Amino acid sequence: MTTEAKRCALYARISPTPEKEVGANYSIASQLYEMGECAKKRGYPNNPALHFVDDNFTGTTLDRPALNRLRDLVRARAIDVLLVYSLDRLVRGLALQLVLKDECDRHGVTLEFVRDHFESTPEGKMMFSFQGVINEYEREKFRERSERGRREKARQGFINSGAVPFGYRYVGKKQGSRGTMIIHEAEAATVREVFAWAVGGMTMYQIAYALNAAGTRSARGGLWSRTTVFQLLRNETYAGRACLGKRTKNPQIIACPRIVEEQTFAAVAMKLAYNRKARVGRSSRKYLLRGKLFCRQCGKRCTTFPGKGSSAYYRCNNADRFTHKQICPAPSVVKERIEGAVWSALWKAISDPAALTHFARAYHARKAVPGRAKRDLGKRIAYLEQKERRAIEIMKEGVIDFAEARRDLALVRAELQAAQGERSAEVVSMPEDAVIAAYAREVAAQGEPVTYDDRRAIVENTVVQLRYSENEVEMDCRVVLSGAGEKNCYSGVRADAQRQ
Ligand SMILES: [Zn+2]
258 MTTEAKRCAL YARISPTPEK EVGANYSIAS QLYEMGECAK KRGYPNNPAL
308 HFVDDNFTGT TLDRPALNRL RDLVRARAID VLLVYSLDRL VRGLALQLVL
358 KDECDRHGVT LEFVRDHFES TPEGKMMFSF QGVINEYERE KFRERSERGR
408 REKARQGFIN SGAVPFGYRY VGKKQGSRGT MIIHEAEAAT VREVFAWAVG
458 GMTMYQIAYA LNAAGTRSAR GGLWSRTTVF QLLRNETYAG RACLGKRTKN
508 PQIIACPRIV EEQTFAAVAM KLAYNRKARV GRSSRKYLLR GKLFCRQCGK
558 RCTTFPGKGS SAYYRCNNAD RFTHKQICPA PSVVKERIEG AVWSALWKAI
608 SDPAALTHFA RAYHARKAVP GRAKRDLGKR IAYLEQKERR AIEIMKEGVI
658 DFAEARRDLA LVRAELQAAQ GERSAEVVSM PEDAVIAAYA REVAAQGEPV
708 TYDDRRAIVE NTVVQLRYSE NEVEMDCRVV LSGAGEKNCY SGVRADAQRQ
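The opening residue of the sequence shown carries number 258 in the numbering used here; numbering runs sequentially from there.
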């Protein structure tokens, strides 16, 4: 909202005993004048229809005719700014201050004062700190009370509206109940069907697909997914046991009308447990490139999936969440083929001295662009050099004590030297060829690993990212060269692995 569009109300008050109050310039006219000037300065229109004056009223109560009308406007969000000469003109007493401040906050009205910036006054500071404490306390109290209420309600066998799953409807206060569930027949029929399908051996994916194809909508009105079907099949409510406070420390089970027979529910539960076990077993299949392979076309990480028999694949994970139809046209790749190609390229890159040197060079050539840290360092060095020159000039002029100036110069020079050392260290971060070659020979001497675990360890420690496309795999690798002197140097390997 622009400044011109702001609706600003002015409030002025004078008490029945003005002579007892501090400050003589509290007359209604002077307050209105000051507020008008202030509004002009802050760019608010001064609209006389929004002047509110309580002449001869105390500030220790909120029941004042003009203030009442003003608060109605605040609550109706009919103004944007409430401008008052000072806080004590608006209200006296912390509790009432909090009431008004809170009301303004909640209805998007900014409370402003002429005399000084409210938040910087002692009153303002105190009010804000108290407000924080009190809000916190109120929230806590409310939470505790409603939590206690919920627990008590559950203990008596009643539920809250939030806990009603697909297939049921909530009967609450409006219907003269303390909170119970009744069966929604059409949805319950769907639930029974889903359980029957699961018993019959349909997968969760197939069930979700069938529901979506039939136009059935889930509890929230959306499409069904494997997850929502899974959650439905696991929900004990359908067997007559509603669980309240699932996420709390002490969940409570209360009886409710059942939609499926206990036998059916148990049969499905067994099937789910069996599936889970089967899935766990399957995931132990050894994928060498798991988590490292990305699709070059769309940038998504690839998933792994088993094929028929002993075959397995990597595939771009860019698929529709519900239908599981592939969105990205990138083809899936056979596990053995891509792993073989990547492994042989990687092994050559890290164990062949010539290859590793080549890749390290290429990497450093790409990295040679000065980074932000380097630029900052350059600035700092320039600054220190200037400081050094000035220190020498001062010494020449003999303006200050010679010994002191020398000490300063020594400090600046030490700092300068350190900064220059840091810079040269950055520049020489490309390790020497001999170091790189030695590393590669060391790797080669250990022999090419043959077990999955050994190879996987190398992939995990070396490969940053692999991107595959139709014909090749692009590799980003990082090799930590130990024995390069004071610190480890990073070097990169990039290989194009041709898929056979
Ligand atoms: Zn893709």
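Think of the CB as a built atom: it goes at the ideal place given N, C-alpha and C, for glycine as much as any other residue. Please read these numbers as outputs of a predicted model, since none were measured by experiment.
| request: Could you check which residue in 343, 318 and 577 has the C-alpha nearest to that of residue 764? | output: Since the first residue shown for the chain is 258 and the last is 757, residue 764 is missing from the structure and cannot be characterised.
| request: Could you work out which residue in 432, 427, 448 and 710 is closest to residue 439 when comparing CA atoms only? | output: Counting from 1 along the sequence shown, the entry for residue 439 is found at position 182. The shortest C-alpha separation from residue 439 is found at 427.
| Using DSSP with H/G/I as helix, E/B as strand and the rest coil, what is residue 593? | On the sequence shown, residue 593 is found 336 positions in, with the first residue counted as 1. Residue 593 falls in the helix class under three-state DSSP.
| task | Return yes when the C-beta of residue 554 is under 6 Å from any heavy atom of ligand 1, and no when it is not. | result | For the purposes of this step, residue 554 is taken as residue 297 along the sequence shown, with counting starting at 1. For ligand 1, a non-hydrogen atom lies closer than 6 Å to the CB of residue 554.
| Start and end residues, beta strand (DSSP E) containing residue 721 | Your numbering for residue 721 matches position 464 in the sequence shown. 720–725 is the extent of the beta strand (DSSP E) around residue 721.
| message | With three or more C-beta pairs closer than 8 Å as the rule, is the region 342–358 touching the region 310–325? | response | In short, these stretches touch, since the Cβ pair count reaches three.
| request: Following the continuous alpha helix (DSSP H) through residue 609, name the residue where it begins and the one where it ends. | output: Counted from its first residue, the sequence shown places residue 609 at position 352. Per DSSP, residue 609 lies in no alpha helix (DSSP H) and is assigned neither H nor E.
| said: Can you tell me whether residue 575 sits near ligand 1, meaning its C-beta is under 6 Å from at least one heavy atom of the ligand? | reply: The sequence position of residue 575 within the sequence shown is 318, counting from 1. Indeed, a heavy atom of ligand 1 lies less than 6 Å from the Cβ.
| request: Per DSSP, which residues does residue 226 bridge with? Please list them. | output: The chain is shown only over 258 to 757; residue 226 falls outside these bounds and no answer can be derived.
| field | Cβ neighbour criterion (16 or more within 10 Å) applied to residue 436 | value | In the sequence shown, counting from the first residue as 1, residue 436 sits at position 179. Answer is buried; the Cβ neighbour count reaches 16.
| Which one of 414, 548, 640 and 532 has the shortest CA to CA distance from residue 458? | If you number the sequence shown from 1, residue 458 lands on position 201. Among 414, 548, 640 and 532, the Cα nearest to that of residue 458 is on 532.
| Counted within 10 angstroms of its Cβ, other Cβ atoms place residue 732 as buried (16 or more) or exposed | What you label residue 732 is simply residue 475 of the sequence shown in a count that begins at 1. Per the 10 Å Cβ criterion, buried.
| For residue 513, is the beta carbon positioned less than 6 Å from some heavy atom of ligand 1? | The residue you call residue 513 lines up with position 256 of the sequence shown. Flag unset: Cβ of residue 513 not near ligand 1.
| said: Less than 6 Å separating the Cβ of residue 585 from some heavy atom of ligand 1? | reply: Taking the sequence shown and counting its residues from 1, one reaches residue 585 at position 328. Checking every heavy atom of ligand 1 against the Cβ of residue 585, one is found closer than 6 Å.
| Expressed to the nearest angstrom, what Euclidean distance is found between the alpha-carbon atoms of residue 547 and residue 519? | Position 290 of the sequence shown, counted from the first residue, corresponds to residue 547. Position 262 of the sequence shown, counted from the first residue, corresponds to residue 519. It is roughly 41 Å from the alpha-carbon of residue 547 to the alpha-carbon of residue 519.
| said: Here's a check: name, in chain order, each residue in its chain whose Cβ is nearer than 7 Å to the Cβ of residue 572, leaving out the five neighbours to either side. | reply: Numbered from 1 along the sequence shown, position 315 holds the residue referred to as residue 572. Counting only Cβ-Cβ distances below 7 Å, and skipping sequence neighbours, we find 559, 560, 562 and 589.
| task | With a threshold of 16 other CB atoms inside 10 Å of the CB of residue 444, please say whether the residue is buried or exposed. | result | Counting from one through the sequence shown, the residue named residue 444 turns up at place 187. Buried, by the Cβ-count rule.
| task | State yes or no: is the C-beta of residue 557 nearer than 6 Å to some heavy atom of ligand 1? | result | Along the sequence shown, one-based indexing puts residue 557 at 300. Yes.
| request: Check residue 801 in the structure and name its three-state DSSP category. | output: A question about residue 801 goes unanswered here, because the residues of the chain that appear run from 258 up to 757.
| field | Which of helix, strand or coil DSSP assigns to residue 729 | value | Here residue 729 refers to the residue found at position 472 when the sequence shown is read from its first residue. In the structure shown, residue 729 sits in a strand (DSSP, three-state: E or B).
| field | Cα-Cα separation, residue 425 to residue 441 | value | By one-based count along the sequence shown, residue 425 stands at place 168. By one-based count along the sequence shown, residue 441 stands at place 184. Note on geometry: alpha-carbon atoms of residue 425 and residue 441 lie some 5 Å from one another.
| residue 288, buried or exposed, once every other Cβ within 10 Å from all chains shown has been counted against 16 | The residue you call residue 288 lines up with position 31 of the sequence shown. Residue 288 should be labelled buried.
| message | Suppose the cutoff is 7 Å on Cβ atoms and the five residues either side in sequence are ignored; what does the same chain contact list for residue 648 look like? | response | As a first step, residue 648 is located in the sequence shown; it is residue number 391 there, counting from the start. Within the same chain, 662, 665, 666 and 669 come within 7 Å of residue 648 by CB-CB distance, once the 5 residues on both sides are set aside.
| query | Taking only runs of the beta strand (DSSP E) that begin and end inside the region 296–367, which ones reach a length of at least 3 residues, in chain order? | reply | You should have 308–312 and 338–341.
| field | Pair within 7 Å by beta-carbon distance, residue 341 and residue 370 | value | Position 84 of the sequence shown, counted from the start, is the residue given in the question as residue 341. Position 113 of the sequence shown, counted from the start, is the residue given in the question as residue 370. Using a Cβ distance threshold of 7 Å, residue 341 and residue 370 count as a contacting pair.
| Beta-carbon proximity list for residue 465, same chain, < 6 Å, skipping 5 on both sides | If you number the sequence shown from 1, residue 465 lands on position 208. If the five residues before and after residue 465 are omitted, its C-beta is found closer than 6 Å to the C-beta atoms of 481, 482, 483 and 486, all from its own chain and listed in chain order.
| task | For the alpha helix (DSSP H) holding residue 470, just list the boundary residues, first then last. | result | The residue labelled residue 470 in the question sits at position 213 within the sequence shown. Its alpha helix (DSSP H) spans residues 461–470.
| message | My output table needs one value for residue 598: the three-state DSSP class, helix, strand or coil. | response | Taking the first residue of the sequence shown as 1, we reach residue 598 at position 341. Helix.
| query | Can the beta-carbon of residue 509 be found closer than 7 Å to that of residue 411? | reply | Taking the sequence shown and counting its residues from 1, one reaches residue 509 at position 252. Taking the sequence shown and counting its residues from 1, one reaches residue 411 at position 154. Closer than 7 Å, so yes.
| What does residue 501 pair with, by DSSP beta-bridge criteria? | Along the sequence shown, one-based indexing puts residue 501 at 244. Beta-bridge annotation (DSSP): residue 501 is paired with 509.
| If you follow the alpha helix (DSSP H) that residue 203 is part of, which residue opens it and which one closes it? | Within the shown structure, residues of the chain are numbered from 258 to 757, placing residue 203 beyond reach of any answer.
| Cβ atoms of residue 313 and residue 273: under 7 Å apart, would you say? | Locating residue 273 in the sequence shown gives position 16, where the first residue counts as 1. Locating residue 313 in the sequence shown gives position 56, where the first residue counts as 1. Result yes, Cβ atoms of residue 273 and residue 313 sit closer than 7 Å.
| task | Quick one: using the 10 Å Cβ neighbour count with 16 as the cut-off for buried, is residue 499 buried or exposed? | result | Position 242 of the sequence shown holds residue 499. Buried is the call here.
| query | Where does residue 440 fall in DSSP's three states? | reply | The residue labelled residue 440 in the question sits at position 183 within the sequence shown. Strand at residue 440.
| task | Report the residue from 638, 727, 331 and 530 whose alpha carbon sits nearest the alpha carbon of residue 675. | result | Here the question's residue 675 lines up with position 418 in the sequence shown. Relative to residue 675, the option among 638, 727, 331 and 530 whose CA is nearest is 638.
| task | Between the Cα of residue 516 and those of 473, 568, 448 and 582, spot the shortest distance and give me the residue it belongs to. | result | The residue labelled residue 516 in the question sits at position 259 within the sequence shown. When only C-alpha atoms are compared, the closest one is 448.
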